[in-house]
Amino acid sequence: MTGTIDTLLQNLDTLLLYVLAAGALVGAILMLVLRQPMRVATALIATMVCLGGIYGLLGVHLIAVFQVLIYVGAVMVFMVYAIMLLDARDPSVRSRFSGLLVPGIVAFALFLGALVYGLWQSVPAAASGPHAGLTLKAFAAAFLSEYWLHFELTSVLLVAAVVAALAVIKVHRTDHGG
Amino acid sequence: MADKVPLLLSLAVAIFALGLLGVVVRRNVLVMLMCMELMLNGVNLSLVTFAHQTGTAVGAVLVFLIFVVAAAEIAIAIPIVLLLVRSKRTLDLDAYTDLKG
Amino acid sequence: MHHLLTLIVLLPLAGFLLNGLAGPRLGKRFVTAVGCGLPILAFLATVQCVLTLNAAGDPLVERVYTWARIGESTFDVAFYFDRLTAVMTLIVTGVGSLIHVYSVGYMKEDKGYARYFAYLNLFLFFMLLLVLGRSLLVLFVGWEGVGLASYLLIGFWFEDAEKARAGKKAFIVNRIGDAGFLVGMFVLYSTLGTLDMDRINAAFMASPMPAVSASLVGILLFIGATGKSAQIPLYVWLPDAMAGPTPVSALIHAATMVTAGVYMIARLSGIYVHAPEASQVIAVVGVLTAFFAATIAIAQTDIKRVLAYSTISQLGFMFVALGVGAYGVAIFHLYTHAFFKACLFLGSGSVIHALSGEQDIRKMGGLAKKIPVTFVTFAVATAAIAGLPPLAGYFSKDEILWFAFASERGGSPLLWGLAAGTALLTAFYMFRLLWLTFFGRSRMTPEVEHHIHESPFSMTSVLVVLAVFSAIGGFFSIPHFLEPLLPMPEAKQELHHLETPLVVVSVVLALLGLAAAAFFFGRDAERANRLRPRFAGLQKLLYDKYYIDELYDRLITRPLYWISDRVFLRIGDRALLDGTLNGLAGLAQRTAGALGRVQTGNLHLYALFVLLGSLACLLLVWRHV
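Chains as they are written, first to last, in numbering that gives the first Met the number 0: chain A, 0 to 177; chain B, 0 to 100; chain C, 0 to 624.
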């Protein structure tokens, strides 16, 4: 009985994975095709959520949470604000694609083909059996011990971002003669 | 889940490539930005897959750092785009050819 | 005492530096004191060296420093003083000092006074390097240096384009000769491994002989001598060199520089003794030049030009002597020639000075009473050059004629005949000069006549000294003095009895020349003027120097200009060099322009490049997988 539940659960995991993967892919393709920027944003959000789900399935729940919190909750919201601020009646909405559509698609096909081919040539070795996902405890410990420098550097990066934002505001102010 | 690694990596590659294609073919500036975010997501996926595969924390840490960078980047990129649009009065990227030559 | 030779050389150099750098600021007195004093000191030092030489017996050698060390060969700057050098150095410093003193009076009014003395001292420095040098290399430095000084002094009044051009001509023609000289030096060095002249002589006198044709070397070196000593074909610069101040003509183009070629060949007698072909060439060229120049001198009307061609002619005589192996005799004639030719040139300078710049003898006449000292000294010198006994010229010319006739090493009646004919012509044109300048009625313009004055003491004193030496100089037998060094050639046995008759003949020829000159040019050249129309063509040919200068211009100068312009300038420089450079620059520009079209400013395109680039990288990496 437990065996069947396990296989059922495993099958469920696999099914969910396929669904989420398909969702992500469809979202990405839609991004390229939709006309209105708002709809494109929505497609991206969908892709991101699907990816978050995949992270969860892979056991890194912490990252899944961060994906939704930061990427969808902050980045995409900001993006949506920008879209709302800017004019919808823009020529780029009527003609979506640049002049390089065909060369782009060709190059894309080649690129993707090369990557996938290379990937399937060197199939990575199977992992050492199922294992527990990443716990918050392990994650935090790693950050504070081995990757503390990277952690500190991110704060530097954020300071830089703040300064840049201030600079942008200043420019904006001088533009208005204020 | 371990045997799905090739699939996941292919998915990551596909998402990345689609993002890059999007940068090449879409005209709207904001859409281009969103395609760049898509590229980052593709990379994130591949990193998480590796983290899952090897069982170490490295991949997750790197993903976290990429979150931070993406946030900072978008925080600055959007205002820049706003300012540019203010001066050019259009979101069409073909109008931004000041760096010609 | 040990560095006396170096001192002799350095004194004039110091004079050049002092006068050249500080002269204009320090005034005429200073310039005169330094400019004349240092050469006189050099002369005294030379005398001391001669005494030392007499006492010691062996030549004095002074090594100054090592100039260069290239691989295993060493090139030293060293000075060598034997009897031959003694004679030359005494002439150079002695006559040189006298001419410096003369210049004080002659160049008094000139605003380039300090520059003049600086150049003159520079010349003396180089000339002393030339005669005192032990190796051909040092001699060559002096050789080139006197050429430089000559250029500077001929073109001294360089504001006049003609004079500047004369200086340039002298330098360039000399350089042509120097090419031969250099090749000769190269041959000598490559076969003997040394350029020291005493060693070269020793190598040629020893047996076995060095593995090089002595005649080849001899001729190559002689080519240099034709340039410096104005023989055919490179004599053309000397008449033009009269554009310089007269004391310069006296010093450089009569007494010292032009004799450098004679000295060089006499110094390397060791080679020429074993080079009968080269010696033959020298003798023939010498006698032809002598005769040729004498014929031109007959028809010249510029007082200095006559003397210039006379110098060329007398140098020819010296080369005849060298050609028949009578090296000591050639030096003897060099010695006497220095005195009477310098006296003649300085005398002409005195005349020109008296006549406020007039040089055309057709516009002179009747000066004998007006400038007596000049006249007397000029007359004595003229008699000397004509070969009237017992003046100096008689002794030296006579020896030359004798050896030209009878020397075992190339003497022949033909050689003697031409030489004797030249002697006749020499007497003729020199006395013609004397008559037209000093006798008869005055043909001068009234204002020139009004200003006639005898030259100052600084000038006349020198004239007197030189005239005295022209008179008595012959009694000191230089050939005898140089015998141990330069043995006289044997005279052919069967011709010995002709020695005295030949002497008589040469005296008769001199007197004949005198008489003919008096006949034609006495009484205001009355008879010459009557005969002129009949010989107008011949006279024009001689006056125009056989059109040799024009010939050279047609044959050499103009083709060279053409090649220079058409080939080297237009094709070589402009088309090839400039074209290549500009072409490369243009290529870079066009390439940059073409490549620049990649930057369209279109961001989509850049992104596509990123895509393609990464694709290329991937393929590159995965080729090896």
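Glycine is no exception: its CB is placed at the ideal position from the N, C-alpha and C atoms.
Query, Result
"Straight-line gap, His-352(C) to Gly-571(C) (C-alpha atoms, nearest Å)", "51 angstroms"
"Nearest-angstrom Cα separation, counted from Gly-592(C) out to Gly-585(C)", "10 angstroms"
"For Gly-177(A), the three-state DSSP class (helix, strand or coil)", "Unreliable placement is indicated for Gly-177(A), whose pLDDT of 45 sits below 50; the coordinate value is still reported in the next sentence. Of the three classes helix, strand and coil, the one that applies to Gly-177(A) here is coil, per DSSP."
"Chain B contact for His-149(A) (CB, 7 angstroms cutoff)", "yes"
"Interface flag, Ala-14(A) vs chain C, CB-CB below 7 angstroms", "Per the sequence shown, residue 14(A) should be read as Leu rather than Ala. So, not an interface residue."
"Contact between the stretch 149-156 of chain C and the stretch 262-282 of chain C (3+ Cβ pairs under 8 angstroms)", "no"
"Helix, strand or coil at Trp-66(C) according to DSSP, with G and I counted as helix", "strand"
"Through-space distance from Leu-610(C) to Val-22(B), alpha-carbon basis", "10 angstroms"
"Contacts that Asp-91(B) makes with chain C (C-beta to C-beta distance below 7 angstroms)", "By Cβ distance, chain C contributes nothing, its closest Cβ being about 11 angstroms from Asp-91(B), past 7 angstroms."
"Which of helix, strand or coil DSSP assigns to Asn-601(C)", "coil"
"Ser-212(C) vs Gly-260(C) beta-carbon contact at 7 angstroms", "no"
"Same chain only: Cβ atoms within 8 angstroms of Arg-531(C), ignoring 5 sequence neighbours per side", "Gln-538"
"Reference Pro-209(C); option with closest CA among Met-256(C), His-332(C), Ala-274(C)", "Ala-274(C)"
"Cβ of Leu-652(C) within 7 angstroms of any chain A Cβ", "There is no way to answer for residue 652(C), as the model of chain C reaches only from 0 to 624."
"Endpoints, beta strand (DSSP E) assigned at Phe-520(C)", "From DSSP, Phe-520(C) is part of no beta strand (DSSP E) but of the alpha helix (DSSP H) over 498-530."
"Segment limits, alpha helix (DSSP H) that includes Thr-579(C)", "578-595"
"Nearest residue (CA-CA) to Val-235(C), options Gly-269(C), Asp-197(C), Ala-169(C)", "Ala-169(C)"
"Contacting residues, own chain, Cβ-Cβ under 7 angstroms from Lys-40(A) (five flanking each side not counted)", "Per the sequence shown, the amino acid found at residue 40(A) is Ala instead of Lys. Same-chain partners within the cutoff: Met-75, Met-78, Val-79, Ile-82."
"Per-residue burial, Lys-169(A) [other beta carbons within 10 Å of its own, 16 or more giving buried]", "exposed"
"Beta-bridge partners of Tyr-79(C), as assigned by DSSP", "Val-60(C)"
"Interface residues of chain B facing Val-76(A) [CB-CB closer than 8 angstroms]", "By Cβ distance, chain B contributes nothing, its closest Cβ being about 10 angstroms from Val-76(A), past 8 angstroms."
"In chain order, each alpha helix (DSSP H) run of at least 4 residues that lies wholly inside the stretch 375-436 of chain C", "391-405"
"Interfacial residues, the stretch 571-598 of chain C to chain B, with Cβ spacing under 7 angstroms", "Gly-595, Gln-598"
"Any C-beta of chain C under 7 angstroms from that of Val-68(B)", "no"
"Spatial neighbours of Ile-384(C) in its chain, beta-carbon cut-off 6 angstroms, leaving aside the 5 residues before and after", "Phe-339, Gly-392, Met-429"
"Tyr-101(C) burial status per 10 Å Cβ neighbour count (16 or more: buried)", "buried"
"Helix, strand or coil at Phe-438(C) [DSSP, three-state]", "coil"
"Short CB-CB distance (under 7 angstroms) between Ala-159(A) and chain C", "no"
"Endpoints, the alpha helix (DSSP H) within which Gly-53(A) is located", "In the sequence as displayed, the identity of residue 53(A) is Ile instead of Gly. Counting along the chain, the alpha helix (DSSP H) containing Ile-53(A) begins and ends at 36-57."
"Cβ of Gly-177(A) within 7 angstroms of any chain B Cβ", "Low local confidence applies: a pLDDT of 45 at Gly-177(A) is under 50, so the model's placement there is unreliable, with the coordinate-based value given in what follows. Gly-177(A) does not count as touching chain B."
"Neighbour list for Ser-97(A) in chain C, Cβ cutoff strictly below 7 angstroms", "His-603"
"Minimum C-alpha distance to Gly-103(A) - residue among Val-84(B), Ala-76(B), Val-24(B), Ile-14(B)", "Val-24(B)"
"Whether Thr-84(C) touches Ala-41(C) by CB criterion (7 angstroms)", "no"
"Own chain partners of Gly-177(A) with C-beta closer than 6 angstroms, once the 5 adjacent residues on each side are dropped", "Residue placement at Gly-177(A) is poorly supported in this model, since its pLDDT is 45, which falls under 50; the coordinates still yield a value, given next. Taken in chain order, the list of residues that qualify is empty."
"Assigned secondary structure, Asp-12(A) (DSSP; H/G/I helix, E/B strand, else coil)", "helix"
"Simplified DSSP assignment, three categories, for Gly-365(C)", "coil"
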